[in-house]
Amino acid sequence: MQERDHAVRNPHAVARSPITLDDYLNSRWISEPFRLFDCCYKIDGAVAIVVTSAERAADLPHRPVHLLGAADSNRFGGSVDQWDDLSCMYSRDTAPRLWSRTGLRPADIDVACMYDCFTFTVMATFEDFGFCAKGEVGDYFRYFRASRATYGGDVVVNPHGGLLSEGYIHGLNHHYEAVLQLRGDAGDRQVRGAETALVTSGAGPFGGALVYGTAAL
Amino acid sequence: MSRSLEGAAVVGIGRSPFMRSSGRTTLSMAAQAAREALADCGLTAADVDGFTCYSTGDSAGPSQVAHAIGVDDLGWSLSVLGGGNIVTSTVAGAAAAVLSGQAEVVVVYRVLGSQTRYGRALERIEVDGEGQFAGPHGYLVPPQWFAMFCRRHQLRVRLHRGGPGRHRGAGT
Numbered sequence: 000m001q002e003r004d005h006a007v008r009n010p011h012a013v014a015r016s017p018i019t020l021d022d023y024l025n026s027r028w029i030s031e032p033f034r035l036f037d038c039c040y041k042i043d044g045a046v047a048i049v050v051t052s053a054e055r056a057a058d059l060p061h062r063p064v065h066l067l068g069a070a071d072s073n074r075f076g077g078s079v080d081q082w083d084d085l086s087c088m089y090s091r092d093t094a095p096r097l098w099s100r101t102g103l104r105p106a107d108i109d110v111a112c113m114y115d116c117f118t119f120t121v122m123a124t125f126e127d128f129g130f131c132a133k134g135e136v137g138d139y140f141r142y143f144r145a146s147r148a149t150y151g152g153d154v155v156v157n158p159h160g161g162l163l164s165e166g167y168i169h170g171l172n173h174h175y176e177a178v179l180q181l182r183g184d185a186g187d188r189q190v191r192g193a194e195t196a197l198v199t200s201g202a203g204p205f206g207g208a209l210v211y212g213t214a215a216l
Numbered sequence: 000m001s002r003s004l005e006g007a008a009v010v011g012i013g014r015s016p017f018m019r020s021s022g023r024t025t026l027s028m029a030a031q032a033a034r035e036a037l038a039d040c041g042l043t044a045a046d047v048d049g050f051t052c053y054s055t056g057d058s059a060g061p062s063q064v065a066h067a068i069g070v071d072d073l074g075w076s077l078s079v080l081g082g083g084n085i086v087t088s089t090v091a092g093a094a095a096a097v098l099s100g101q102a103e104v105v106v107v108y109r110v111l112g113s114q115t116r117y118g119r120a121l122e123r124i125e126v127d128g129e130g131q132f133a134g135p136h137g138y139l140v141p142p143q144w145f146a147m148f149c150r151r152h153q154l155r156v157r158l159h160r161g162g163p164g165r166h167r168g169a170g171t
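Protein chains in written order, with numbering that gives the first Met the number 0: chain V, 0 to 216; chain F, 0 to 171.
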C-alpha cells in the first residue's frame, strides 16, 4: 500500500492507483501467504545505465552519481531448499560486508531501493540490512500510524513504487531511480536532500547490494 | 575498509516505456534504453567501448545491442547469467572494468519481454539440479519459494510476540 502511494507520483509506473487494506485482503491467493498484491508486475521494458570514471564524469552534463561500494553473497549453491534460516535472506551475509566496505550504516542512507519481487523480500532484507531489529519490520512500515520508511521518516523505501508498481525489470529500474533521486531530478517524488542510496537485488539465498552517493567517500 | 569502487560513477540513465505485452522485441527495447542513456549524458556510440547485461537466456546480448546502436568496436563485452541475484555483480563489474582500464564507458542494461520468460509454460518443462526433486511436488517458482520464507518469518514473530494465530497475507 505504501509503495502504491509512492507510485501515484511516478508516471512511468504501470500501476499507479492507491490500494486499500480491503483491496489487499480481497485479492486472491497466489501462494499463501502471498496474495496478488504481494507480487510484482511482469512487464516488457528495458533500462540502461552508463558507467564511467569519476574523472570523465566531471565533464558531463549531470552531477555524477558515485559508486561507494558493493557486496554480494551467494550461499548454498543458490538453493532455496538448503538455506539454513528461512526468516532471513542473502542480506544477512551481504549487509555486514557492505557496511564494512563502505564504512556506512543504515542511518546514513536517505533512499533505499529495496528489491521487491514480493513484499516479503523487502521485509526480510530490510531487517537484515539493519534498518530495524529482527521481527520489527511490521512496526517500521506500519501503515495507519506514521511509517518510518516513507517521506518524513528515517529512510524513503522505493519512492518510485518499486517493482510492485513500476514493474519487473529485474531490479535495474531500482538503479535508475537511485540515480534520479541523487541527481535531484525525481520531480514530485524527490526525496529532499538525498545524498546516499542503497540499492538491493536478489532474494532468498543469493543477492547483493550497492550504495550510491552524491560525493565519493 | 576497502574502497574498491571509488572512482566510478553513473553518468547516464535511459529506459523504454514499461508496459504489458508491448509486442516489441527485446533488441528494440534494449537499443532504445541504451540510446536514451547515452543521450542523457551527452555521449555518442563512438564514446562507448563496453557493454554488459544480465539475463536468464531471454535477452538480446551485449554485442547485438551494441551493434544495433552503432557501437562497432566493442572492447569489453560481458553477458552474465542470472536474475535479481546478479544485478549488483553486473553493475559493480562494469565499474571494475572502468577502474581497471578494460573499458572507458560501459553501458549496463537489462531487458525483459513478456513473451520471453515469465508467467506461463509454453511447452513441457524440464528441470535439473535440485529442481528435479522439488518439481514433482510442484515447488518450482519464486512465489512458492519465498512464501515459504515468509511463513517462517511470520511463525518466528508469532512465537516471539504471541500475535494472532491466523495470518491474512504477507503484507499484514
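In this text, a Cβ means the ideal position worked out from N, Cα and C, and glycines have one as well.
Predicted model, so just to flag it, every value in this text is computed and none were measured.
Using the C-alpha atoms, what's the distance from G44 of chain V back to C52 of chain F?
Residue mapping note: residue 52 of chain F aligns to position 53 of the second sequence, counting from 1. Residue mapping note: residue 44 of chain V aligns to position 45 of the first sequence, counting from 1. When rounded, the distance between both Cα atoms is 14 Å.
DSSP has R109 of chain F in a bridge; who is on the other side?
Translated into positions along the second sequence, residue 109 of chain F becomes position 110. DSSP, once it has assigned bridges, lists V:V46 as partnering R109 of chain F.
Please check if any C-beta of chain F sits within less than 7 Å of the C-beta of S16 of chain V.
Within the first sequence, residue 16 of chain V is the residue found at index 17, counting from 1. Chain F, which has no Cβ nearer than 7 Å to the Cβ of S16 of chain V, makes this no.
Chain F residues whose Cβ lies nearer than 8 Å to that of P63 of chain V
Numbered from its first residue, the first sequence carries residue 63 of chain V at position 64. Ordered by position in chain F, the residues that pass the 8 Å Cβ test against P63 of chain V are A8, V9, V10.
Sorted by chain position, which residues of the same chain lie with C-beta nearer than 6 Å to R15 of chain V's C-beta, five sequence neighbours on each side aside?
In the first sequence, counting from the first residue as 1, residue 15 of chain V sits at position 16. Excluding positions up to five away in sequence, the list reads A6, V7.
Per DSSP, which residues does V156 of chain V bridge with? Please list them.
On the first sequence, position 157 is the one that residue 156 of chain V refers to. According to DSSP, which records beta bridges pairwise, V156 of chain V is partnered with V:A111.
How big is the Cα-Cα spacing for G152 of chain V and E31 of chain V?
Locating residue 152 of chain V in the first sequence gives position 153, where the first residue counts as 1. Locating residue 31 of chain V in the first sequence gives position 32, where the first residue counts as 1. Between G152 of chain V and E31 of chain V, the C-alpha separation is close to 31 Å.
So for L171 of chain V, helix, strand or coil by DSSP?
The residue given as residue 171 of chain V occupies position 172 in the first sequence. Note: L171 of chain V maps to helix in three-state DSSP.
Selection of the segment 38-64 of chain V by Cβ proximity to chain F, strictly under 8 Å:
C38, Y40, K41, I42, D43, G44, A45, V46, A47, I48, V49, V50, T51, S52, A53, E54, R55, A56, L59, P60, H61, P63, V64
I need the boundaries of the beta strand (DSSP E) containing S27 of chain F, first residue and last residue.
Translated into the one-based positions of the second sequence, residue 27 of chain F becomes position 28. Premise fails: S27 of chain F lies in the alpha helix (DSSP H), 25-39, not in any beta strand (DSSP E).
Measuring alpha carbon to alpha carbon, tell me which residue in V:P10, V:C87, V:P158, V:L20 is nearest S244 of chain V.
This structure does not reach residue 244 of chain V, given that chain V is present from 0 up to 216, and the question cannot be answered.
Buried or exposed: where does R27 of chain V fall if 16 or more other Cβ atoms within 10 Å of its Cβ makes it buried?
Sequence index remark: in the first sequence, residue 27 of chain V carries index 28 (1-based). Classification for R27 of chain V: exposed.
Any beta carbon of chain F sitting closer than 7 Å to that of I29 of chain V?
As a first step, residue 29 of chain V is located in the first sequence; it is residue number 30 there, counting from the start. Yes, its Cβ sits closer than 7 Å to a Cβ of chain F.
Find out if the Cβ-Cβ distance for the pair F148 of chain F, F117 of chain V is shorter than 7 Å.
Locating residue 148 of chain F in the second sequence gives position 149, where the first residue counts as 1. Locating residue 117 of chain V in the first sequence gives position 118, where the first residue counts as 1. No; because the gap between Cβ atoms is not below 7 Å, this pair is not in contact.
Pull up the distance between the alpha-carbon of A91 of chain F and that of N25 of chain V, whole angstroms please.
For the purposes of this step, residue 91 of chain F is identified with residue 92 of the second sequence, where counting begins at 1. For the purposes of this step, residue 25 of chain V is identified with residue 26 of the first sequence, where counting begins at 1. Approximately 41 Å between the Cα atoms of the pair.
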